[in-house]
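For reference, the structure discussed in these notes is given below.
In the numbering used here, the protein residues as written are 5 to 114.
This is the structure in structure tokens:
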């Protein structure tokens, strides 16, 4: 089995469609989740019915891709270029080793 990596990308939700379109040729599949969190910006002030309050967990989108190690650099480049706005809160990319993969239907390991 080739060495596989899990690429976890946390991006702004409005960048999702562009990213999925551009990454289609490099990833055979992906998982998308709506998540909430904060980094250095620690949330943002919001006004609701005339009152200002602090929202500490901002909506983000997480894309998870399992790919062969040889494709990781290309995927990182596509994500970085597509998701970047130049503003605080653009997101993060995490790379994790994948030791084993099993198919639920067959029980077989890849």
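Just so you know, even glycine gets a beta-carbon here, dropped at the ideal spot from N, CA and C. The structure displayed is predicted, hence computed values, not measured ones.
> How many whole angstroms separate the CB atoms of residue 71 and residue 31, which I take to be in contact at a CB cut-off of 8 Å?
Replying inline: Sure, about 6 Å apart at Cβ, within 8 Å.
> Would residue 95 be called buried (16 or more neighbouring beta carbons within 10 Å of its own) or exposed?
Replying inline: By the Cβ-count criterion, residue 95 is buried, with 16 or more other Cβ atoms from all chains shown falling within 10 Å of its own Cβ.
> Taking just the CA atoms, how far does residue 53 sit from residue 12?
Replying inline: As the crow flies, the alpha-carbon of residue 12 is around 37 Å from that of residue 53.
>> If distances are taken between C-alpha atoms only, which option among 99, 65, 89 and 92 comes closest to residue 78?
In response: The residue from 99, 65, 89 and 92 with its alpha-carbon nearest to that of residue 78 is 99.
> Does DSSP classify residue 78 as helix, strand or coil?
Replying inline: It is helical.
> Comparing alpha-carbon positions, which option in 17, 68, 85 and 103 lies nearest residue 62?
Replying inline: The shortest C-alpha separation from residue 62 is found at 17.
> In terms of residue numbering, what span does the alpha helix (DSSP H) encompassing residue 108 cover?
Replying inline: Boundaries cannot be given for residue 108, as no alpha helix (DSSP H) includes it and DSSP labels it neither H nor E.
> What whole-angstrom Cβ distance do residue 64 and residue 24 have, given they're in contact under 8 Å?
Replying inline: The distance from the Cβ of residue 64 to that of residue 24 is about 15 Å, inconsistent with a contact at the 8 Å cut-off.
> For residue 102, which residues of its own chain have a beta-carbon under 7 Å away from its beta-carbon, when the five flanking residues on both sides are left out?
Replying inline: Excluding residues within five positions, the ones whose Cβ falls inside 7 Å are 8, 9, 10 and 70.
>> I need the straight-line Cα distance from residue 81 to residue 21, nearest angstrom please.
In response: Each residue's Cα considered, the two are about 17 Å apart.
>> Which residues does DSSP list as the beta-bridge partners of residue 40?
In response: As a beta-bridge residue in DSSP terms, residue 40 pairs with 63.
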